[in-house]
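Working notes, structure below.
Residue numbers (the numbering used here): 413 to 601.
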């Protein structure tokens, strides 16, 4: 299998693991691939015997993990040398509200906080940016000021279709000083 083929296969496996982790909302009844890799016994031995992945992707997952620092150390151990972790998480504690509680977010991150935790786990941070500056004010109003705990799928679809493409272009030209999310790419040394 070619390197891009391996990456696509791993992406599919990791995507399934991420969905299970989100559905479990922090419970240990649905272990992620990394948890299987560090688990004692046949499941952990089987995963450890395979080729180590060159990439692990966490999209809206790490904020659900109570021991995020332990999770990052486990990811570091699981990756092949030079492997990369891609992390997308919600930003800023002052945006934490009812919706975060409802979906079992343990925390929101700042860039320096996430960078520090990745560095402490042994990673070299290649890129770390805030994302979605335009979403900060609406999120704060809806989930902090109005104390909502629900997300309307129609509004999310409209925002993703109409605003996200514009925000992506603008944020490529001028990186935002803050945003609703943090995107980080780090490499195992």
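Backbone N, C-alpha and C fix where the C-beta goes; we use that ideal spot for every residue, glycine too. Since we're looking at a predicted model, the values are computed, not measured.
Reduced DSSP category for residue i - H, G, I as helix; E, B as strand; rest coil
i, result
"residue 484", "helix"
"residue 476", "helix"
"residue 594", "strand"
"residue 599", "strand"
"residue 518", "coil"
"residue 463", "coil"
"residue 555", "helix"
"residue 511", "helix"
"residue 546", "helix"
Start and end residues, alpha helix (DSSP H) containing residue i
i, result
"residue 583", "576-585"
"residue 523", "523-532"
Alpha-carbon spacing of residue i relative to residue j, whole angstroms
i, j, result
"residue 548", "residue 507", "8 Å"
"residue 572", "residue 543", "13 Å"
"residue 587", "residue 529", "22 Å"
"residue 520", "residue 501", "7 Å"
"residue 566", "residue 590", "26 Å"
Bounding residues of the beta strand (DSSP E) (the contiguous stretch that carries residue i)
i, result
"residue 539", "535-543"
"residue 496", "496-502"
Neighbourhood of residue i by C-beta, 8 Å cutoff - its chain only, sequence neighbours within 5 removed
i, result
"residue 481", "529, 532 and 533"
Spatial neighbours of residue i in its chain, beta-carbon cut-off 7 Å, leaving aside the 5 residues before and after
i, result
"residue 488", "533, 534, 535 and 600"
"residue 575", "546"
"residue 552", "507"
Assigned exposure category for residue i - 16 Cβ within 10 Å defines buried
i, result
"residue 483", "buried"
"residue 468", "buried"
"residue 580", "exposed"
6 Å CB neighbourhood of residue i in its chain, flanking five on each side removed
i, result
"residue 504", "520"
"residue 497", "468, 487 and 598"
"residue 596", "499, 526 and 540"
"residue 561", "510, 511 and 514"
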